[in-house]
Structure formats: C-alpha cells, structure tokens
Amino acid sequence: MTITIRAQILAALRNNTGLNSARIAKMIGMTTKMISGPLSALLADGLIEFEGKHGQRLYRLTSYGMKYTPETI
C-alpha cells in the first residue's frame, strides 16, 4: 500500500507542529518542489494553516486537519 504525499505531509505535521516546507520535505524524503502542490492543496482545503511571511512560513495542522491525519508516516 502506498501513502500519498498529502498524507505524508499531514502525518509529519501531526507529530511535529510548526515546520517549514524544507523541514517537511526532508522528513518525507522529497524536495520542496515536489511537496509544493500538495501543500497548497492542503492549505486550500483548510487542513493546515501557516504563520509568517513568504519564505519564513511555519505550517501546522488545523483542528479540522487533525481529524483526517494518519498517526504515523
């Protein structure tokens, strides 16, 4: 069974709140370019949120996102 990039990002954020995109990419073994699209989709769906300006964003799960997040990667 394969796990989607979206699910990997959500699992990484569930276990570690306040990560930037470079740290998320490193945790799941991808580049920031590869996770850019799924990260934007998760933001649009309201599953994650960010704080900080462009280039210094820290991402975290919303309470809505916690319901749909796998426990581990």
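The C-terminal position of the sequence shown is numbered 61 in our numbering, with every residue numbered one higher than the one before it. Cβ coordinates follow ideal geometry from the N, Cα and C atoms, glycine included. Note that the structure is a prediction, hence the values are computed from the model and not measured.
Outcome for residue i when other beta-carbon atoms lying within 10 angstroms are tallied against a minimum of 16
i: Ala10; result: exposed
i: Ala13; result: buried
i: Gln44; result: exposed
i: Ile(-9); result: exposed
Proximity below 7 angstroms, CB of residue i to CB of residue j
i: Gly6; j: Leu46; result: yes
i: Thr57; j: Arg(-6); result: no
For residue i, the first and last residue of its enclosing beta strand (DSSP E)
i: Leu46; result: 46 to 49
Opening and closing residue of the alpha helix (DSSP H) in which residue i lies
i: Leu(-2); result: -7 to 3
message = Within 8 angstroms, do at least three Cβ pairs link the stretch 13 to 20 to the stretch 32 to 51?
response = Counting C-beta pairs with one atom in each stretch, the stretch 32 to 51 and the stretch 13 to 20 have fewer than three that are closer than 8 angstroms, which means they do not touch.
request  = Only counting runs of 3 or more residues, tell me where the beta strand (DSSP E) segments fall wholly within the stretch 9 to 43, in order along the chain.
outcome  = Runs of the beta strand (DSSP E) inside the stretch 9 to 43: 36 to 39.
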